[in-house]
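A.B. asks: Sharing a structure, written as structure tokens. Questions coming.
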Amino acid sequence: MTDARPLTAGVMGWPITHSKSPLIFAHWFQQAGLNGRYCHLAVAEADFETVVSALPKAGFRGVNVTVPHKLSALEIADEATPTARAMGAANVLTFSPEVGVIADNTDGYGFLENLKKGAPAWKSDTSPTVVLGAGGAARAVIHALLADGVSSIRLLNRSAEKAQALANDLPGPIDVIPWTDRSDALEGAGLLVNATSLGMTGKPPLEISLGALPKSAIVTDLVYAPLETDLLAQARANANPIVDGLGMLLHQARPAFRAWFGIDPVVDAALREICLK
Ligand code: NDP
């Protein structure tokens, strides 16, 4: 008997109601003319493995995974991509009848796609890149930048030991610089990435002067609430090219849609509008 259930997937976290992923997937289902459904799955940490093991039987093709499940998602997987292993965390689980649960991490892919689409002039092998932050998002960003051939990264984080640990885990041309030197570290840079949570609604501001940053340097912020952070507003005022963080959220969802439903969906202006409402 054929499986007449709609194409099914979801996003699992605790809490989860804030996630925009259902809006993104609904748009892509509609664009592709697919009968699909994508739901929030509020699952407590202790129940993660039990729930994941049951989902394929309920017709799920896969799930996106967010806080607090990203580490467990990698641990319980039958297979993991090299990127997920390098991150030590997964944000996508694909249910394969042959293999079982396959873990991937697409944050770095989303970051790079957003950067390349938003700043087509960016070249990986030119001037140094300054990355602020050493959390999970910074790890994904740096892994993607190194894989793309970036030749010099200046890494700054409030907790220096976390920056050093990240640099040790991801071998490459990374210089760890004290957080207090963040304004001076911009001298001669070609790309500035804010991968801290500073500047996000409800969080403290990111205090930095862009005076030393070349006018040609691209400035991108992973924070997308607000869409134009103070950092991006300051960069815009200085005539630096800017790339906001919403595109990263949208592009990181593409590989999951492709893996589960066999179609590479498009990130377009209509999707951005939907997610900004
Ligand atoms: P983590 O909690 O893992 O890391 C937070 C980072 O922010 C750390 O580097 C931390 O420094 C720094 N930080 C927090 N508070 C302060 C402070 N008061 N002063 C200085 N530094 C501070 O979070 P993630 O890495 O997962 O996410 C970081 C940001 O990126 C979040 O705002 C998140 O929403 C955004 N993000 C956006 C995505 C997108 O698709 N656009 C995808 C993923 C994340 P320390 O180590 O010293 O604590």
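Residue numbering for the sequence shown follows our numbering, starting at 122 and increasing by one per position.
For glycine and all other residues, C-beta sits at the position ideal for the given N, C-alpha and C.
Could you give the distance in angstroms between the alpha-carbon of V271 and the alpha-carbon of A265?
C.D. replies: Translated into positions along the sequence shown, residue 271 becomes position 150. Translated into positions along the sequence shown, residue 265 becomes position 144. Cα-Cα distance, rounded: 9 Å.
A.B. asks: Using CA coordinates, which residue listed in Q373, T215, V164, V340 is at the minimum distance from W135?
C.D. replies: Mapped onto the sequence shown, residue 135 falls at position 14. Measuring from the Cα of W135, the nearest candidate turns out to be V164.
A.B. asks: Tell me whether S193, by its Cβ, gets closer than 6 Å to a heavy atom of the ligand NDP.
C.D. replies: Position 72 of the sequence shown, counted from the first residue, corresponds to residue 193. Incorrect: S193 has no Cβ contact closer than 6 Å to the ligand NDP.
A.B. asks: Any chance the segment 343–354 sits against the segment 306–323, with 3 or more Cβ pairs inside 8 Å?
C.D. replies: Short answer: they touch.
A.B. asks: For S318, which residues does DSSP report across the bridge?
C.D. replies: As a position in the sequence shown, residue 318 is number 197, starting the count at 1. The partner list for S318 (beta bridge, DSSP) is empty, contrary to what the question assumes.
A.B. asks: Is L343 a contact residue of the ligand NDP, with contact defined as CB to any heavy atom under 6 Å?
C.D. replies: Working through the sequence shown from its first residue, we reach residue 343 at position 222. Correct: L343 has its Cβ closer than 6 Å to the ligand NDP.
A.B. asks: Starting from N278 and walking both ways along the beta strand (DSSP E), at which residues does that stretch end?
C.D. replies: Position 157 of the sequence shown, counted from the start, is the residue given in the question as residue 278. Unbroken beta strand (DSSP E) run through N278: 274–278.
A.B. asks: So D342 and L331 are supposed to be a Cβ contact under 8 Å. How far apart are they, rounded?
C.D. replies: In the sequence shown, the residue the question calls residue 342 occupies position 221. In the sequence shown, the residue the question calls residue 331 occupies position 210. The Cβ separation is near 12 Å, so there is no contact.
A.B. asks: Look at the Cβ atom of D199, then the Cβ atom of V220, and state whether they are nearer than 7 Å.
C.D. replies: Numbered from its first residue, the sequence shown carries residue 199 at position 78. Numbered from its first residue, the sequence shown carries residue 220 at position 99. It is a contact, given that the beta carbons lie within the stated cut-off.
A.B. asks: Taking the beta strand (DSSP E) that A239 belongs to, which residues open and close that run?
C.D. replies: Your numbering for residue 239 matches position 118 in the sequence shown. According to the sequence shown, residue 239 is Gly rather than Ala. Segment 228–239 is the alpha helix (DSSP H) holding G239; no beta strand (DSSP E) there.
A.B. asks: Any contact between the segment 229–239 and the segment 281–294? By contact I mean 3 or more CB pairs, one from each, below 8 Å.
C.D. replies: No contact exists between the segment 229–239 and the segment 281–294.
A.B. asks: Please report how far the alpha carbon of E196 lies from the alpha carbon of K178, in whole angstroms.
C.D. replies: Here residue 196 refers to the residue found at position 75 of the sequence shown. Here residue 178 refers to the residue found at position 57 of the sequence shown. Computed Cα separation, rounded: 21 Å.
A.B. asks: Pull up the DSSP beta-bridge partners for V172, would you.
C.D. replies: On the sequence shown, position 51 is the one that residue 172 refers to. None; V172 has no bridge partner.
A.B. asks: Using DSSP with H/G/I as helix, E/B as strand and the rest coil, what is I137?
C.D. replies: Counting from 1 along the sequence shown, the entry for residue 137 is found at position 16. DSSP places I137 in coil when its eight states are reduced to three.
A.B. asks: Only counting the same chain, and skipping five residues up and downstream in sequence, which positions put a Cβ closer than 7 Å to that of S217?
C.D. replies: Along the sequence shown, one-based indexing puts residue 217 at 96. Only I223 meet the Cβ criterion.
A.B. asks: In angstroms, rounded to a whole number, what distance separates the CA positions of N156 and P127?
C.D. replies: Stepping through the sequence shown from its first residue, residue 156 is reached at position 35. Stepping through the sequence shown from its first residue, residue 127 is reached at position 6. Those two C-alpha atoms are separated by around 5 Å.
A.B. asks: Expressed to the nearest angstrom, what Euclidean distance is found between the alpha-carbon atoms of N212 and R182?
C.D. replies: As a first step, residue 212 must be located in the sequence shown, where it is residue number 91. As a first step, residue 182 must be located in the sequence shown, where it is residue number 61. Distance between the alpha carbons of N212 and R182 is about 14 Å.
A.B. asks: Counting only the same chain and skipping the five closest in sequence on each side, list residues whose C-beta sits under 8 Å from that of A201.
C.D. replies: Counting from one through the sequence shown, the residue named residue 201 turns up at place 80. So the qualifying residues of the chain are L195, A211, I223, A224, D225.
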